[in-house]
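These notes concern the structure reproduced below.
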Amino acid sequence: MTLTIADEIRERALAELAGAGSRAELDEWAIRYLGRERGELSRLLKTIPTLAPAERKPFGESINAIKKALEAAQGVRAAEVRSQELGQRLLEDRVDVTLPARGTEPGHEHLVYRARDEMIETFRLLGFDVAEGPELEDEWHNFSALNTPEDHPSRDAQDTFYLQGGGLLRTQTSSVQIRYMEHHQPPIRIVAPGRVYRPDTITPRHYPLFHQIEGLLVDENVTFGDLKGTLSAFARRTFGQSRKVRFRPSFFPFTEPSAEMDVECIFCGGSGCRVCSHSGWIEMGGCGMVDPSVLTNVGIDPERYTGFAFGMGIDRTAMIRYQVPDIRLLWENDLRFLRQF
Ligand code: DAH
């Protein structure tokens, strides 16, 4: 009769095990039937002392056999449930491999800074260091020390942003020449790239903020030939070995003599096109021999030292290099434009 109870428990346990569909249900099942304290089999074992002595041993053995059988069945069912659960999860997490990939879009350097870095690299190869100066300047560094007369039109409020309470936004990187020479004695060989500001009306070729790269070399026995050689080497490396350059007489307050440097148009090769306004030449910037009074202003002896300086537009160079027809395109941050490069 007690054996019948044990058999009944086994049948029930196996039936329920077959219906357990998750790990949680399996755990509950195991506690219910195989639990050490209150599992049904344990409870049956606890009745042994109430049995007739002769029945005790076979009863205990049969309970243990049932326990082993249930444990074995539990192992099999657990494996089934695990693989069912895995199959379910794979189904739910299924990836639609036909969807278009999201992809990543690497950014890139802005055209103006790319042009700037190329120019710096070329001057580094020619032996120049890089110097920097503040964009917020004073009249001494931006004008007076550069030999610019008090009544020079470039000092006019129409050509310079003056700040309330004094100071101005530098109109040219030439101010860095002064700052550098105030703290360094020759030999000096630097380029100074940076932002400059002028209250220009915005047009395809003018923007109130633009970039220049300044050059300054001061040493004993520096001649105009050194200036021409240096800038010609720069132009050849930037625009091609056979590119012609020319120097036209010009005027700047801080150089004497002064010149403008032009390169043969890289688009038409000198025959004339829209980019070079049909002149065959593209203006690169100003240059000249440092005026002796500028050297005196910063405490460098002009009897012993001479030097040359130059200033070129970086935005203009980028526009020529990458054929950008309108300077405003550089700063509108329109991705359709920027992605082209
Ligand atoms: N600072 C001048 C400008 O903004 C450019 C320039 C001309 C710089 C001649 C120089 C130079 O160093 O020697 O127009």
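Following our numbering, the numbering of the sequence shown begins with 11 at its first residue and continues without gaps. By construction, the Cβ of each residue, glycine as well, lies at the ideal position given by its N, Cα and C atoms. Every value quoted in this text rests on a predicted model; they were computed, and no experiment measured them.
Output needed for residue i: all residues of its chain with C-beta closer than 7 angstroms, excluding positions within five of it in sequence on either side, in chain order.
| i | result |
| --- | --- |
| Thr306 | Pro312 |
| Ala243 | Leu136 |
| Ser52 | Gly45, Arg46 |
| Gly31 | Val91 |
In chain order, what residues of the same chain have a beta carbon less than 6 angstroms from the beta carbon of residue i, not counting five sequence neighbours either side?
| i | result |
| --- | --- |
| Glu47 | none |
| Pro197 | Asp229 |
| Arg247 | Thr132 |
Among the options, which one has its Cα closest to the Cα of residue i?
| i | options | result |
| --- | --- | --- |
| Gly85 | Gln98, Ser252, Arg33 | Arg33 |
| Gly295 | Leu44, Asp344, Pro302, Ser184 | Ser184 |
| Val273 | Thr265, Asp166, Ala245 | Ala245 |
| Glu128 | Val201, Asn231, Leu54 | Val201 |
| Leu7 | Val186, Ser164, Pro302, Gly309 | Residue numbering for the chain in the displayed model covers 11 to 351; residue 7 lies beyond these limits and cannot be assessed. |
| Phe133 | Leu227, Leu80, Gly175 | Leu227 |
| Met329 | Val300, Leu121, Glu18, Lys56 | Leu121 |
| Arg346 | Leu179, Gly117, Leu80, Gly235 | Gly117 |
| Arg7 | Thr265, Cys275, Val232, Glu270 | As displayed, the chain neither begins before 11 nor continues past 351, which places residue 7 out of reach and without an answer. |
| Thr265 | Thr327, Arg66, Ala155 | Ala155 |
| Thr14 | Arg42, Ser72, Ala64 | Ser72 |
| Val232 | Leu61, Leu24, Arg199, Arg247 | Arg199 |
| Phe257 | Ala62, Glu342, Pro263, Gly239 | Gly239 |
| Trp291 | Arg326, Cys278, Leu24 | Cys278 |
| Phe318 | Ala269, Leu237, Pro68 | Leu237 |
| Ser303 | Pro267, Gly97, Arg338 | Pro267 |
| Arg205 | His194, Thr211, Tyr217 | Tyr217 |
| Ala82 | Ala125, Glu65, Leu27, Glu115 | Leu27 |
| Tyr43 | Ala111, Gly235, Asp17, Arg165 | Asp17 |
| Glu35 | Pro144, Thr108, Glu95 | Glu95 |
| Gly250 | Thr114, Ala40, Arg331 | Arg331 |
| Asp161 | Gly280, Pro263, Gln350, Asp336 | Pro263 |
Is residue i buried or exposed, if buried means 16 or more other CB atoms sit within 10 Å of its CB?
| i | result |
| --- | --- |
| Met11 | Unreliable placement is indicated for Met11, whose pLDDT of 48 sits below 50; no coordinate value is reported for it. |
| Thr213 | exposed |
| Thr316 | buried |
| Thr181 | buried |
| Arg22 | exposed |
| Asn152 | buried |
| His221 | buried |
| Ser287 | exposed |
| Glu224 | buried |
| Asp139 | exposed |
| Val334 | buried |
| Asn343 | exposed |
| Glu50 | buried |
| Leu178 | buried |
| Ala111 | exposed |
| Leu100 | exposed |
| Val300 | buried |
| Leu340 | buried |
Which first and last residues belong to the beta strand (DSSP E) in which residue i is found?
| i | result |
| --- | --- |
| Ser259 | Per the sequence presented here, residue 259 reads as Pro, with Ser not at that position. Counting along the chain, the beta strand (DSSP E) containing Pro259 begins and ends at 255-262. |
| Tyr207 | 198-207 |
| Phe153 | Neither: Phe153 is in no beta strand (DSSP E) and is coded neither H nor E. |
| Phe220 | 219-229 |
Taking the continuous alpha helix (DSSP H) assigned at residue i, which residues delimit it?
| i | result |
| --- | --- |
| Glu124 | For the sequence presented, residue 124 should be read as Arg rather than Glu. That run of the alpha helix (DSSP H) goes 121-135. |
| Glu270 | No alpha helix (DSSP H) contains Glu270, which is instead part of the beta strand (DSSP E) from 265-274. |
| Gln168 | Note, Gln168: premise wrong, no alpha helix (DSSP H); not H, not E. |
| Asp103 | Counting along the chain, Asp103 falls outside any alpha helix (DSSP H), and DSSP gives it neither H nor E. |
| Gly175 | Gly175 -> no alpha helix (DSSP H), and no H or E assigned at all. |
| Ile324 | 324-331 |
| Gly296 | Here Gly296 belongs to no alpha helix (DSSP H); instead the beta strand (DSSP E) covers 291-300. |
| Asp37 | 33-44 |
| Leu348 | 345-348 |
| Ile188 | 184-193 |
| Ser52 | 50-55 |
| Leu237 | 234-249 |
Leaving aside the five residues before and after residue i along the sequence, list all residues of the same chain whose C-beta is less than 8 angstroms from its C-beta, in chain order.
| i | result |
| --- | --- |
| Leu55 | Gly70, Ile73 |
| Ile310 | Met191, Gln195, Pro196, Val228 |
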